[in-house]
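Residue numbers (mature numbering (1 follows the signal peptide of the UniProt record, and there is no 0)): -25 to -1, 1 to 278. Ideal Cβ positions, reconstructed from N, Cα and C, are used throughout, including at glycine. For reference, the structure discussed in these notes is given below.
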């Protein structure tokens, strides 16, 4: 019964998709046929279609001009937007603390780094924020993920230095993939001029962390231990069977059972005694007291 049901389900899975495809094809063909059937007012429909084609052609003609206008406008907007540059009076240096190597970042674990800000100018600077983002390694203008911006609003006076801490956690889904990591430091001077330093702008690799013992590694070690135990038990059984076959068998000591010959030599007895023994019935060596008494009385009576 179970085998018949399994075959029926398999047949159903094979036939059902084909049936659905055939039904869809028939519907599509039916729609085409209905569109080709002659209908009253067909001339009006053809005229309408021609009008639409003309309109489409006009739109196609106008489209390149509009796209060129949009492109020119975008270029003008890009030129009008001021590009934020770093200040020549500031030195900004980044130092990764976890992990110490910046080229390989562990997936699913926090990444920490320090940014040193040194004011070499005469004006005071205010450090506004730090921001980090993952970008496409072939095109750094394409953003993949933006991390939370850390706001400081810390004033660094002239000839002073300050250090800022920042961290983020790469997603585990980014494992074994290269990314462009961009870390930007935003600050301004006492006059309100805005500056920005790209303290880090390189390609990094998000790798699997070696810290801890995950479930996959645990079960791998458990499987290896089980295999080793089975090999040891099998080798022990093989050696014990091999030893039993090749060890010499222990000989049992011979035990003398003595002579069990029941024949008695009566040649030394007189002939009369032998005849008397043959005439009397054989009795057991042990006799009851009654038989002894009767034998004694019979013996005394004969006398």
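Cβ neighbours of residue i in the same chain (closer than 8 Å, five flanking residues each side left out)
| i | result |
| --- | --- |
| residue 152 | 180 and 181 |
| residue 105 | 90, 124, 125, 127, 139, 141, 158, 159, 160 and 161 |
| residue 65 | 92, 93, 94, 95, 96, 100, 162, 170 and 172 |
| residue 117 | 110 and 111 |
Host alpha helix (DSSP H) of residue i (start-end)
| i | result |
| --- | --- |
| residue 157 | Per DSSP, residue 157 belongs to no alpha helix (DSSP H); it is in the beta strand (DSSP E), 152 to 164. |
| residue 136 | From DSSP, residue 136 is part of no alpha helix (DSSP H) but of the beta strand (DSSP E) over 136 to 143. |
| residue 252 | 246 to 254 |
Short Cβ contact (8 Å threshold) for residue i with residue j
| i | j | result |
| --- | --- | --- |
| residue 127 | residue 102 | yes |
| residue 107 | residue 156 | yes |
| residue 154 | residue 119 | yes |
| residue 291 | residue 175 | With the chain running from -25 to 278 in the structure shown, residue 291 is simply not present. |
Range covered by the beta strand (DSSP E) that runs through residue i
| i | result |
| --- | --- |
| residue 113 | That residue, residue 113, is in no beta strand (DSSP E); it is neither H nor E in DSSP. |
| residue 87 | 86 to 94 |
| residue 171 | 169 to 182 |
| residue 125 | 125 to 131 |
| residue 240 | Run containing residue 240: none; DSSP gives neither H nor E here. |
| residue 73 | 65 to 73 |
| residue 61 | Segment: none, residue 61 is in no beta strand (DSSP E) and carries neither H nor E. |
Residues near residue i in its chain [Cβ-Cβ closer than 6 Å; skip 5 each side]
| i | result |
| --- | --- |
| residue 184 | 81 and 84 |
| residue 144 | 85 |
Three-way DSSP call (helix, strand, coil) for residue i in this model
| i | result |
| --- | --- |
| residue 149 | helix |
| residue 103 | strand |
| residue 216 | helix |
| residue 287 | Limits of the chain in this structure are -25 at one end and 278 at the other, which puts residue 287 out of reach. |
Cβ separation of residue i and residue j, assumed to be a contact under 8 Å, to the nearest whole Å
| i | j | result |
| --- | --- | --- |
| residue 100 | residue 68 | Not a contact, Cβ separation roughly 15 Å. |
| residue 98 | residue 165 | 5 Å |
7 Å Cβ shell around residue i - same chain, five flanking residues per side excluded
| i | result |
| --- | --- |
| residue 149 | 82 and 181 |
| residue 133 | 94, 96, 97, 98 and 99 |
| residue 177 | 156 |
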